[in-house]
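Residue numbers (mature numbering (1 follows the signal peptide of the UniProt record, and there is no 0)): -23 to -1, 1 to 266. Each residue gets a CB set at the ideal place from its N, CA and C atoms; glycine is no exception. As the structure is a computational prediction, the values presented were derived from the model and not from experiment.
Set out below in structure tokens:
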């Protein structure tokens, strides 16, 4: 089977949009296996309100959801949604609990919001949080070499931008190679004209669009959108996936059934197909210690 088949869970339409489809490519691609259930009595350690940027700003703090008593596990940095002007890291409590029970740590990261903060302050906060997680891995118990970035909606945009435009990690003396993978849930990969309030003029919006920065050598991506998502999110996810495929970046695409833009994230609990896909992606891409 070709590299293209291995890079997809299921969405033949993305393949068709990206590259010519061979007879081999037309064969059905199996869906990811459900994540193994958490061990009975699995516990989660929650640590809240950790400052990651050397400030007392409540927005520049993170909450940890960790598999209690475990060491050397992968960790996902998660960025909440809210259109860059609302939302809270506490929105990720269920997501964090769900993954931690599967042996995957989660750092729910807050970031400064519009109108007090404009681009690039949000993604700069994400980069600072990533650097904090990297530098605190040894003392906290997770693996410094198995860090993922993720987010929903506006947070999905920030995760994708952090995973494509290296300048923000470079400012923290890190590189894209420090990111094991990117998990974007209903993200925006092209900044629309309507968001000039946050991002500025056309040139600035283009520079803030993850699609602009697609190139070979990026970390792998898992892109998820809902079958009843906000208008255009499906097409935008497919366009972004096709661009990644053209430069041979691994990308997996999932359409979450019976979900809307918000419930795509809020219904990620034990046994949810999207949650299972996230767990499978992290386990597959964590590598061996």
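Spatial neighbours of residue i in its chain, beta-carbon cut-off 6 Å, leaving aside the 5 residues before and after
i           : result
residue 268 : No information on residue 268 is available, as it lies outside the stretch -23 to 266 that the chain covers here.
residue 123 : 51, 157 and 263
residue 213 : 166
residue 136 : 56, 126, 127, 128, 159 and 161
residue 118 : 48
Contact under 8 Å by Cβ, residue i with residue j
i           : j           : result
residue 236 : residue 204 : yes
residue 163 : residue 238 : yes
residue 233 : residue 261 : no
residue 46  : residue 131 : no
residue 40  : residue 53  : no
residue 139 : residue 103 : yes
residue 269 : residue 228 : Only positions -23 to 266 of the chain appear in the structure, and residue 269 is not among them; the question remains open.
residue 42  : residue 68  : no
residue 21  : residue 78  : yes
Residues that DSSP places opposite residue i in a beta bridge
i           : result
residue 119 : 50
residue 231 : 201
residue 44  : 21
residue 39  : 27 and 86
residue 267 : Outside the displayed span of the chain (-23 to 266) sits residue 267, for which this structure offers no information.
residue 159 : 126 and 198
Chain-order list of residues whose beta-carbon lies under 7 Å from that of residue i (same chain, five-residue window excluded)
i           : result
residue 141 : 187, 190, 191 and 195
residue 30  : 37, 102 and 105
residue 173 : 182
Beta-carbon contacts of residue i that lie in its chain and below 8 Å, excluding the five residues immediately before and after
i           : result
residue 193 : 224, 225 and 226
residue 115 : 121
residue 170 : 179 and 182
Collapsed DSSP secondary structure at residue i in the structure displayed
i           : result
residue 180 : helix
residue 126 : strand
residue 236 : strand
residue 7   : Legend: pLDDT at residue 7 = 37, less than 50; position of this residue unreliable, value from coordinates given subsequently. Coil at residue 7, not helix or strand.
residue 91  : coil
residue 55  : strand
residue -1  : With a pLDDT of 30 at residue -1, under the threshold of 50, the modelled position of that residue is not reliable, and no figure is offered here.
residue 65  : coil
Closest Cα partner of residue i within the set the options
i           : options               : result
residue 201 : 179, 21 and 127       : 127
residue 241 : 129, 112 and 169      : 129
residue 253 : 26, 19, 32 and 72     : 72
residue 108 : 149, 243, 231 and 218 : 149
residue 89  : 247, 175, 256 and 243 : 175
residue 245 : 70, 64 and 26         : 70
Distance cut-off 7 Å: residue i Cβ against heavy atoms of the ligand ATP
i          : result
residue 48 : Among the components modelled here there is no ligand, and therefore nothing to report on the ligand ATP.
Proximity test, Cβ basis, 8 Å: residue i and chain D
i          : result
residue 77 : Protein chain content of the structure displayed is limited to a single chain, and chain D is not contained in it.
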